[in-house]
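Chemist: Chains as they are written, first to last, in this note's numbering: chain A, 1 to 190; chain G, 1 to 121.
Backbone N, C-alpha and C fix where the C-beta goes; we use that ideal spot for every residue, glycine too.
Keep in mind that this is a model prediction, so the values were computed, not measured.
Structure below; questions to follow.
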Amino acid sequence: YTYFNGKPKWNRDTLTYAISKTHKLDYLTSEDVKTVFRRAFSQWSSVIPVSFEEVDDFTTADLKIGFYAGDHGDGLPFDGVLGTLAHAFAPENGRLHLDAAETWIVDDDLKGSSEVAVDLESVATHEIGHLLGLGHSSQESAVMYPSLRPRTKKVDLTVDDVAGVLKLYGPNPKLRLDSLTQSEDSIKNG
Amino acid sequence: RNTPEAEQSTAKATQIIHVSNSTWHDFSRLVDVQIGSHVSGVSELKRYLHRFGYVNDGSEIFSDVFDGPLESAISLYQENLGLPITGRLDTSTVTLMSLPRCGVSDTHMTINNDFLHTTAH
């Protein structure tokens with residue numbers, strides 16, 4: 001695991017997040033997207049003493065999530081189908097942008113989806129890692145590995161992901177060690 | 001040995017890269033290009049590596065020559081992505097470069113410097 005230079009992190013135990021009501025997709029309901037992000041945030045909040053609160057007010061939220069196409073003004077233009085899927089900024093910037101040109105899927109029917117379909121929860125979980133201060137991992141099994149094949153799901157944090165974020169934020173008092181063991185097994189299983 | 005299903009899956013994954021994305025680079029023709037070669041498409045590869053922080057060139061105008069800095073950039077890419085570090089455009093490296101990915105740069109990151117301490121415990 002790696003961090004952004006300077007190891008920036010949030011110095012709060014609760015972060016608010018909002019999903020843009022204007023920069024959205026026409027083929028996914030806002031509830032679908034919210035459900036995916038709730039699951040993704042819960043992965044991280046289960047291991048560190050930081051909780052995430054969903055709010056409606058996009059402008060005041062700590063973490064701002066939206067779908068954007070092409071050049072959207074942050075110097076990191078999206079490039080159409082596949083290529084770069086999303087990006088997020090280091091603490092305490094809080095912006096998480098997803099490429100609106102992708103074919104995002106929110107269900108588990110990966111094989112029945114388009115050949116260029118990308119699992120939203122996998123990318124959301126990865127990008128939240130960036131929002132928290134993690135960089136990319138060189139371990140292919142890790143959520144924070146930079147590449148993701150279309151039609152694949154990678155949402156379970158591995159030991160590498162957890163070790164990285166624990167070093168930044170310390171452990172959640174409710175952290176269950178058996179969940180880490182399970183992650184370690186998942187690495188052994190490739 | 002791959003099962004027939006797995007082989008089919010691999011073939012499909014490769015096909016995705018070739019057919020689905022007009023904006024993304026297909027680097028497959030660069031497999032095994034040697035240092036010193038002048039091959040069309042190398043400039044695109046340099047642009048890709050520059051995009052993700054591996055090539056430091058302020059001009060952003062890249063030649064098609066496979067030069068020493070490109071070899072170094074490929075080695076660093078391989079190290080960061082957990083590939084065998086060869087500095088060469090082997091199949092696994094080129095395949096990985098053609099996969100969709102996060103837009104955040106791989107470089108300018110701080111590697112966990114407590115690793116040895118952690119390992120000792």
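1) A/A117: beta carbon under 7 angstroms from a heavy atom of the ligand NAP?
2) Please classify G/L45: does DSSP put it in a helix, a strand, or coil?
3) Is A/Y1 buried or exposed, if buried means 16 or more other CB atoms sit within 10 Å of its CB?
4) Counting only Cβ pairs nearer than 9 angstroms, list the residues of chain G close to A/L148.
5) Between the beta-carbon of A/I48 and the beta-carbon of A/F37, is there less than 8 angstroms?
6) With 8 angstroms as the threshold, decide whether the Cβ of G/H108 is near any Cβ in chain A.
7) Which chain A residues are close to G/G82, counting only those with a beta carbon under 7 angstroms from its beta carbon?
8) Over what stretch of residues does the beta strand (DSSP E) that includes A/T103 continue unbroken?
9) Relative to the C-alpha of A/E53, which residue among A/F67, A/L120, A/L15, A/A88 is closest?
10) Whole-angstrom Cβ separation of A/A86 and A/H97, contact assumed at under 8 angstroms?
11) Take A/P159 as the anchor and find which of A/Y145, A/G70, A/T152 has the nearest alpha-carbon.
12) How would you list, in chain order, the residues of chain A whose beta-carbon sits under 8 angstroms from the beta-carbon of G/L96?
Modeler: Walking through what the data contain:
1) Among the components modelled here there is no ligand, and therefore nothing to report on the ligand NAP.
2) Along the second sequence, read from residue 1 onward, the residue named residue 45 of chain G stands at position 45. Correct three-state label for G/L45: helix.
3) Looking up residue 1 of chain A in the first sequence gives position 1. Counting Cβ neighbours within 10 Å, A/Y1 comes out buried, since at least 16 surround it.
4) Along the first sequence, one-based indexing puts residue 148 of chain A at 148. Under the 9 angstroms cutoff, chain G gives L99, P100, R101, C102.
5) Within the first sequence, the letter at position 48 stands for residue 48 of chain A. Within the first sequence, the letter at position 37 stands for residue 37 of chain A. Against a cut-off of 8 angstroms, the Cβ pair of A/F37 and A/I48 comes out as no contact.
6) Residue 108 of chain G sits at position 108 when you count from the first residue of the second sequence. Yes, its Cβ sits closer than 8 angstroms to a Cβ of chain A.
7) Position 82 of the second sequence, counted from the first residue, corresponds to residue 82 of chain G. Those within 7 angstroms of G/G82 in chain A are S138, Q139, E140.
8) Numbered from its first residue, the first sequence carries residue 103 of chain A at position 103. Where A/T103 is concerned, the enclosing beta strand (DSSP E) stretches over 103 to 105.
9) For this step, residue 53 of chain A is matched to residue 53 along the first sequence. Answer by Cα proximity: A/L15.
10) The count along the first sequence starts at 1 and reaches residue 86 of chain A at position 86. The count along the first sequence starts at 1 and reaches residue 97 of chain A at position 97. Confirmed, about 6 angstroms.
11) Taking the first sequence and counting its residues from 1, the one referred to as residue 159 of chain A is at position 159. The residue asked about is misnamed: residue 159 of chain A is Val in this sequence, not Pro. Answer by Cα proximity: A/Y145.
12) To locate residue 96 of chain G, count along the second sequence from 1; it is residue 96. Simply S147.
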